[in-house]
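**Q**
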Amino acid sequence: MAKIVLIGAGSHTFSKNLITDVISYPELRDGTICLMDIEQEPLDLIAAFAKKIVKQNKYNTKIEATTDRKEALDGADYVLTTIRVGQRVPVKDPSPTAFHGIELGRGDTINAGGVFYGARHVPAMLDICSDMEKLCPDAWLMNYTNPMAIITWAINDYTKIKTVGLCHSVQSTATNLAKYMGVPANEVSYWVAGINHMAWFLELKWKGEDAYPLLRKKLENPAVYSADDAHWAGPDVVRAEVMKAFGYFVTESSMHMSIYVPYFQKRPELLEKYLLNKKVIRPSYEATDKELRGQIAADFKFPTAHSGEYGSTIIRSLETGIPLRINANVMNKGLITNLPDGCCVEVPCLVDKQGINPCYVGDLPAQLAALNRSNISVQELAVRGIMEKDKTKIFQSILLDPLTSAVCTIDETKQLVDEMFKAEKKYTRGYK
Amino acid sequence: MAKIVIIGAGSHVFSSRFITDIVSYPELREGTITLMDIAQEPLDLATAFARRLVEQNKFNTKIESTTDRRKALDGADYVLITLKVGGVHHLDIERSIALKYGVDQGDMACIGSGGAFDSIRHVPPILQICHDMEELCPNALLLNYTNPMATITWSVNDYTKIKSIGLCHSVYGTAKTLSKYIDKPFEEISYWVAGINHFAWFLEFNWKGKDAYPLLREKFKDPAVYSGADAHYAGADIVRAEMFKTFGYYVTESSGHCASYVPYFRKRPETIEKYKISSGAKYQSNIANNQARDKEQDELLKQKLADNFKFPVDHSGEYGSIIIHSIETGQAAVIYGNVKNKGLITNLPEGCCVEVPCLVDGEGIHPCHIGNLPPQVAALNINNVGMQELIVRGVAEKDKTKIFHAILLDPITAAMLTLDETKKMVDEMFTAETKYVQGYK
Chain A
5 MAKIVLIGAG SHTFSKNLIT DVISYPELRD GTICLMDIEQ EPLDLIAAFA KKIVKQNKYN
65 TKIEATTDRK EALDGADYVL TTIRVGQRVP VKDPSPTAFH GIELGRGDTI NAGGVFYGAR
125 HVPAMLDICS DMEKLCPDAW LMNYTNPMAI ITWAINDYTK IKTVGLCHSV QSTATNLAKY
185 MGVPANEVSY WVAGINHMAW FLELKWKGED AYPLLRKKLE NPAVYSADDA HWAGPDVVRA
245 EVMKAFGYFV TESSMHMSIY VPYFQKRPEL LEKYLLNKKV IRPSYEATDK ELRGQIAADF
305 KFPTAHSGEY GSTIIRSLET GIPLRINANV MNKGLITNLP DGCCVEVPCL VDKQGINPCY
365 VGDLPAQLAA LNRSNISVQE LAVRGIMEKD KTKIFQSILL DPLTSAVCTI DETKQLVDEM
425 FKAEKKYTRG YK
Chain B
44 MAKIVIIGAG SHVFSSRFIT DIVSYPELRE GTITLMDIAQ EPLDLATAFA RRLVEQNKFN
104 TKIESTTDRR KALDGADYVL ITLKVGGVHH LDIERSIALK YGVDQGDMAC IGSGGAFDSI
164 RHVPPILQIC HDMEELCPNA LLLNYTNPMA TITWSVNDYT KIKSIGLCHS VYGTAKTLSK
224 YIDKPFEEIS YWVAGINHFA WFLEFNWKGK DAYPLLREKF KDPAVYSGAD AHYAGADIVR
284 AEMFKTFGYY VTESSGHCAS YVPYFRKRPE TIEKYKISSG AKYQSNIANN QARDKEQDEL
344 LKQKLADNFK FPVDHSGEYG SIIIHSIETG QAAVIYGNVK NKGLITNLPE GCCVEVPCLV
404 DGEGIHPCHI GNLPPQVAAL NINNVGMQEL IVRGVAEKDK TKIFHAILLD PITAAMLTLD
464 ETKKMVDEMF TAETKYVQGY K
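Those sequence lines, one after another, are chains A and B. Per the numbering used here, the first sequence runs over residues 5 to 436. Per the numbering used here, the second sequence runs over residues 44 to 484.
See the structure below:
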């Protein structure tokens with residue numbers, strides 16, 4: 005039976021769902037789930053949870069836990085990664101990465117923050133791949149770590165490992181659109197393609213009919229998308245504006261979208277206008293840890309319902325051959341014909357016994373392809389800069405960033421990048 | 044012998060140079076040059092020049108002159124186009140509206156809202172010429188000098204059957220400027236340039252066969268070399284020097300143009316000052332001067348004709364006649380032209396308009412394969428190509444939304460305005476341009 009390895013298993017919100025999902029499928033219950041983290045304490049907690057839920061249900065699932073990555077990867081069939089290296093650059097007040105009142109050092113997928121996030125995570129991910137090449141060369145790597153596009157691109161170009169990058173944004177946006185339209189989510193279907201976090205609902209249907217007219221009608225009322233709880237990440241003004249201007253709804257959140265294009269954050273007063281000032285408050289790690297610890301101690305009966313997350317569903321289709329369509333991040337080999345070959349695209353994929361096979365999409369509408377390309381350029385230079393430890397390429401990558409280039413001159417961008425290199429000294433050793 | 048047609052021949056500064064180039068080749072002297080313009084008076088002046096030149100040198104070149112385009116095109120082998128729809132004021136409307144919104148893109152030719160509306164004005168008449176050609180001279184080669192170069196060439200390639208090439212002075216002109224910067228004779232310079240029109244890159248720049256970039260970098264340590272008002276014919280060349288230092292390659296055209304193609308330089312009044320580039324406002328105030336200059340040039344030519352001035356028969360170095368000469372004689376030449384990207388630059392979109400070196404010989408024009416551009420310069424080109432594509436589709440389909448999308452993608456407009464501000468600006472331009480946007484939806 006299959007050996008499923010979770011690297012970074014200490015992120016227990018994610019791991020809990022995945023473990024529950026895997027054992028919710030009778031076909032996967034007899035396998036092994038191996039939990040791996042470099043930190044003992046969070047690893048022990050999630051291992052305790054896993055053992056408890058297996059025991060409560062009297063399943064045969066074998067639960068392993070280790071801080072030794074090589075031991076974990078040995079003989080693995082599926083490797084899921086959800087890791088975080090270091091911390092983001094602390095935003096000081098006043099921040100040295102703010103220019104003309106705009107904070108440009110943040111971001112976990114793009115902007116200077118995203119590029120340096122890549123500088124921290126790509127080497128760690130390639131280390132895992134390099135272990136996999138030796139210990140489980142045929143295993144599938146399912147990565148959830150950001151920056152998704154930069155990491156997936158680097159794995160595709162610099163390792164032999166089969167990989168897909170997985171993200172929640174397509175499914176969760178579909179659910180959101182159902183809510184905006186006031187129809188049940190299970191009656192909505194879609195065809196989505198583009199790049200991670202900036203993929204486009206090329207088709208959006210309700211009961212098999214084009215639902216865009218309905219969505220447009222609903223979004224005529226700004227209250228539908230501008231309320232604090234419109235989307236889990238807050239008001240959704242930016243994505244509504246993007247749809248009205250460019251014709252298609254985009255995945256991920258308004259906050260993310262607002263830093264992928266130059267239109268929304270370039271002047272301080274625009275944050276107010278597009279309701280981008282709202283902070284998302286998430287429960288602290290301490291609180292969720294404490295809750296889980298308490299539940300385990302009290303022998304709380306953990307629910308076994310499937311969370312809807314892709315990971316386990318993909319493994320099940322690969323194991324059983326039951327066909328499944330997912331949206332995943334893969335190498336563009338003629339899939340989206342007006343995005344550069346070799347870049348990382350997020351497209352519908354067929355999953356069955358033959359593996360994970362991306363579907364052909366063809367040309368995106370020209371205006372959407374152009375927006376995607378502006379981000380792909382940043383990603384490409386970031387990938388090359390990180391792999392070659394080349395400061396100039398990192399600088400050029402950030403020069404191409406749509407928001408940064410809207411705000412800064414070349415000199416100012418140089419200052420910003422120098423600041424970032426200073427703050428990220430630990431992770432950019434050997435860069436020239 | 045070949046029949047060469049000049050459409051828009053009334054721009055006599057340009058057409059007289061081209062006519063002189065043609066008759067400077069003994070092999071082309073026996074053919075026919077047909078001058079065509081919709082305005083009789085400038086046409087007559089250019090015709091008088093052509094006839095005088097031929098007469099003075101006792102050449103057998105046949106000079107024809109007509110305001111009837113179809114008559115001119117009938118049986119043509121080469122058709123040269125240089126036209127300007129809307130006269131010297133043609134970009135005024137967009138410039139003044141854009142400036143009001145805080146978008147200062149210099150002369151605005153070829154890019155942004157100016158490039159979009161200039162395409163709206165120029166693509167349809169050029170396609171009309173092509174459709175006439177399909178009927179009257181389907182095998183003729185179209186040599187286009189009209190801007191916006193990329194959107195016109197792209198449209199001709201996608202919507203007509205005519206063989207065409209778009210020609211510009213910028214590669215050759217920049218090579219001359221670079222030889223001046225490194226203080227070496229132009230004859231000792233060689234280069235390999237590719238990209239898109241006005242925004243092509245000196246991928247190789249050699250002096251006596253060796254990489255001359257180290258020398259250029261050395262010279263550029265002294266900003267006086269590129270920041271003087273006479274550094275380049277168009278003024279200070281700071282923007283291109285900064286681009287070279289940052290992205291690693293020298294770019295064609297001028298600093299003023301380059302600053303309009305990327306978001307880094309024209310974003311604030313003080314940056315326009317700092318990089319010594321012209322504000323759009325300056326182009327507005329120059330119109331009276333332009334008219335005066337045109338009139339002066341007319342008077343000068345008239346006076347020369349009256350004085351029976353002996354016009355020299357030398358070659359300007361301009362590509363148009365070189366191409367015709369190579370095709371007619373089979374003698375190989377290399378020129379830079381704007382053509383359809385069919386696997387030429389592999390990291391720019393297939394089908395877009397690229398500017399690449401072309402081999403010309405008796406078999407025609409053969410664009411050279413370039414491969415990938417360095418990713419950072421491809422990325423800069425790609426942003427402009429995205430805008431051009433939507434202009435091409437928007438003009439072909441008379442689709443206001445696509446024109447709006449194109450302007451949203453313009454790097455400077457996008458750096459300055461929000462979506463709704465851009466919408467307002469574009470709406471205002473459509474309202475102001477009533478004459479040329481009839482039928483747009």
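All C-beta atoms in this analysis are idealised placements derived from N, C-alpha and C, irrespective of residue type, glycine included.
1) Using the three-state DSSP reduction, which class does Phe103 of chain A fall into: helix, strand or coil?
2) Are Ala153 of chain A and Asn342 of chain A close, meaning C-beta to C-beta below 9 Å?
3) Cα-Cα, which of B:Thr444, B:Asp453 and B:Gln419 is closest to Leu404 of chain A?
4) Take the Cβ of Val192 of chain A as the centre, count every other Cβ of all protein chains shown within 10 Å, and call the residue buried at 16 or more, exposed below.
5) From this set, A:Ala182, A:Asp232 and A:Thr36, which residue's C-alpha is nearest Leu208 of chain A's C-alpha?
6) Could you run through the region 388 to 400 of chain B and flag, in chain order, every residue whose CB is less than 7 Å away from some CB of chain A?
7) Among the residues of its own chain, which have a CB less than 7 Å from the CB of Val126 of chain A, if the five just before and after it don't count?
8) Indicate whether Ile232 of chain B and Ala218 of chain B have their beta-carbon atoms separated by less than 9 Å.
9) If we count Cβ pairs, one from each stretch, closer than 8 Å, do we get three or more for the region 47 to 54 of chain A versus the region 15 to 30 of chain A?
10) By alpha-carbon positions, which one of B:Ala274, B:Glu285 and B:Ala243 ends up nearest to Arg260 of chain B?
11) Quick check: is the beta carbon of Met430 of chain B nearer than 9 Å to any beta carbon in chain D?
12) So, under 8 Å CB-CB, Ile8 of chain A and Tyr82 of chain A are touching, yes? Tell me the CB distance rounded to an integer number of Å.
13) Taking Cβ-Cβ distances shorter than 7 Å, what residues in chain A pair up with Arg436 of chain B?
14) I'd like to know whether the C-beta of Ala302 of chain A is nearer than 9 Å to at least one C-beta of chain B.
15) Go ahead and pull the three-state DSSP assignment for Ser28 of chain A.
16) Which same chain residues end up closer than 7 Å to Gly51 of chain B when comparing Cβ atoms and leaving out the 5 residues on each side of it in sequence?
17) Is there at least one non-hydrogen atom of the ligand GTP closer than 8 Å to the beta-carbon of Phe268 of chain A?
18) Would you identify the three-state DSSP class for Lys466 of chain B, choosing helix, strand or coil?
19) Restricting to Cα atoms, I'd like to know which of A:Phe103, A:Ile165 and A:Gly109 is closest to Ile132 of chain A.
20) I'd like to know whether the C-beta atoms of Val377 of chain B and Val403 of chain B end up nearer to each other than 9 Å.
21) List the residues of chain B that Asn342 of chain A touches, going by C-beta distances under 7 Å, in chain order.
22) Flag this pair as yes or no: are the beta carbons of Ala123 of chain A and Glu428 of chain A separated by less than 9 Å?
23) Tyr276 of chain B: which of B:Tyr379, B:Pro306 and B:Leu221 sits nearest, CA to CA?
24) Counting only runs that start and end within the region 63 to 149 of chain B, where is the alpha helix (DSSP H) found for 4 or more residues in a row?
25) Under 9 Å between C-beta atoms, does Met472 of chain B make it to chain A?
26) Under 7 Å Cβ to Cβ from Thr474 of chain B, same chain only, skipping five residues before and after it: list those, please.
27) With DSSP run on the structure shown, which of helix, strand or coil describes Lys164 of chain A?
28) On the three-state DSSP scale, how would you describe Lys282 of chain A?
29) Exposed or buried, what is His132 of chain B when buried is set at 16 or more other beta-carbons lying within 10 Å of its beta-carbon?
30) Would you mind working out which of A:Thr396, A:Pro406 and A:Thr317 sits nearest Lys418 of chain A, comparing C-alpha positions?
31) At a CB-CB cut-off below 8 Å, which residues of chain B make contact with Leu404 of chain A?
32) Does the beta carbon of Ala458 of chain B sit closer than 9 Å to a beta carbon anywhere in chain A?
33) Against chain B, with Cβ distances strictly below 9 Å, would Cys348 of chain A count as a contact?
34) For Met81 of chain A, which three-state DSSP category applies?
35) Run through DSSP, which three-state label would Tyr194 of chain A get?
36) Which runs of the alpha helix (DSSP H) spanning at least 4 residues fall entirely within the region 21 to 75 of chain A, listed in chain order?
**A** On the basis of the supplied data:
1) For the purposes of this step, residue 103 of chain A is identified with residue 99 of the first sequence, where counting begins at 1. DSSP places Phe103 of chain A in strand when its eight states are reduced to three.
2) The count along the first sequence starts at 1 and reaches residue 153 of chain A at position 149. The count along the first sequence starts at 1 and reaches residue 342 of chain A at position 338. Not closer than 9 Å, so no.
3) Counted from its first residue, the first sequence places residue 404 of chain A at position 400. For the residues B:Thr444, B:Asp453 and B:Gln419, the minimum Cα distance to Leu404 of chain A belongs to B:Gln419.
4) In the first sequence, residue 192 of chain A corresponds to position 188, counting from 1. Buried.
5) Along the first sequence, one-based indexing puts residue 208 of chain A at 204. Considering only alpha carbons, the answer is A:Ala182.
6) Within the region 388 to 400 of chain B, the qualifying residues are Asn390 and Pro392.
7) Counting from 1 along the first sequence, the entry for residue 126 of chain A is found at position 122. Residues of the same chain with a CB within less than 7 Å of the CB of Val126 of chain A, apart from the 5 flanking positions on each side, are Ile154, Ile155, Ala158 and Ile390 in chain order.
8) The residue given as residue 232 of chain B occupies position 189 in the second sequence. The residue given as residue 218 of chain B occupies position 175 in the second sequence. Going by C-beta atoms, Ile232 of chain B is nearer than 9 Å to Ala218 of chain B.
9) Result yes; three or more Cβ-Cβ pairs closer than 8 Å.
10) Numbered from 1 along the second sequence, position 217 holds the residue referred to as residue 260 of chain B. Comparing Cα positions, the closest option is B:Glu285.
11) Absent from the structure: chain D. Protein chains present are A and B.
12) Sequence index remark: in the first sequence, residue 8 of chain A carries index 4 (1-based). Sequence index remark: in the first sequence, residue 82 of chain A carries index 78 (1-based). Going by Cβ atoms, the distance from Ile8 of chain A to Tyr82 of chain A rounds to 5 Å, so yes, they are a contact pair.
13) Residue numbering aside, residue 436 of chain B sits at position 393 when the second sequence is read from its first letter. By Cβ distance, chain A contributes Ala370.
14) Translated into the one-based positions of the first sequence, residue 302 of chain A becomes position 298. Taking 9 Å as the threshold, the shortest C-beta distance from Ala302 of chain A to chain B does not fall below it.
15) Taking the first residue of the first sequence as 1, we reach residue 28 of chain A at position 24. Three-state DSSP puts Ser28 of chain A in a helix.
16) In the second sequence, residue 51 of chain B corresponds to position 8, counting from 1. Closer than 7 Å at the Cβ level, and outside the excluded window around Gly51 of chain B, lie Asp80, Ile124, Thr125 and Leu126.
17) The ligand GTP is not part of this structure, which contains no ligands at all.
18) Residue mapping note: residue 466 of chain B aligns to position 423 of the second sequence, counting from 1. Three-state DSSP puts Lys466 of chain B in a helix.
19) For the purposes of this step, residue 132 of chain A is taken as the residue at position 128 of the first sequence. Of all alpha-carbon atoms in A:Phe103, A:Ile165 and A:Gly109, the one lying nearest the alpha-carbon of Ile132 of chain A is that of A:Ile165.
20) Along the second sequence, one-based indexing puts residue 377 of chain B at 334. Along the second sequence, one-based indexing puts residue 403 of chain B at 360. Result yes, Cβ atoms of Val377 of chain B and Val403 of chain B sit closer than 9 Å.
21) One-based indexing of the first sequence puts residue 342 of chain A at position 338. Here the neighbours are Pro392.
22) For the purposes of this step, residue 123 of chain A is taken as residue 119 along the first sequence, with counting starting at 1. For the purposes of this step, residue 428 of chain A is taken as residue 424 along the first sequence, with counting starting at 1. Contact annotation: Ala123 of chain A and Glu428 of chain A have beta-carbon atoms nearer than 9 Å.
23) Start at 1 with the first residue of the second sequence, and residue 276 of chain B comes out as number 233. Residue B:Leu221 is the option with its Cα nearest to Tyr276 of chain B.
24) Whole alpha helix (DSSP H) segments, 4+ residues: 83 to 100, 112 to 116 and 135 to 143.
25) Indexing the second sequence from 1 puts residue 472 of chain B at position 429. So, not an interface residue.
26) On the second sequence, position 431 is the one that residue 474 of chain B refers to. Correct list: empty, nothing qualifies.
27) If you number the first sequence from 1, residue 164 of chain A lands on position 160. The three-state secondary structure of Lys164 of chain A, taken from DSSP, is coil.
28) Counting from 1 along the first sequence, the entry for residue 282 of chain A is found at position 278. Note: Lys282 of chain A maps to coil in three-state DSSP.
29) On the second sequence, position 89 is the one that residue 132 of chain B refers to. Label assigned to His132 of chain B: exposed.
30) As a position in the first sequence, residue 418 of chain A is number 414, starting the count at 1. Closest by alpha carbon: A:Thr396.
31) Here the question's residue 404 of chain A lines up with position 400 in the first sequence. Ordered by position in chain B, the residues that pass the 8 Å Cβ test against Leu404 of chain A are Gln419, Ala422 and Leu423.
32) In the second sequence, counting from the first residue as 1, residue 458 of chain B sits at position 415. So, interface residue.
33) Translated into positions along the first sequence, residue 348 of chain A becomes position 344. No, because no Cβ of chain B sits closer than 9 Å to the Cβ of Cys348 of chain A.
34) If you number the first sequence from 1, residue 81 of chain A lands on position 77. Here residue 81 of chain A turns out to be Asp, not Met, going by the sequence shown. In the structure shown, Asp81 of chain A adopts coil according to DSSP, grouped into three states.
35) If you number the first sequence from 1, residue 194 of chain A lands on position 190. Correct three-state label for Tyr194 of chain A: strand.
36) Runs found: 44 to 61.
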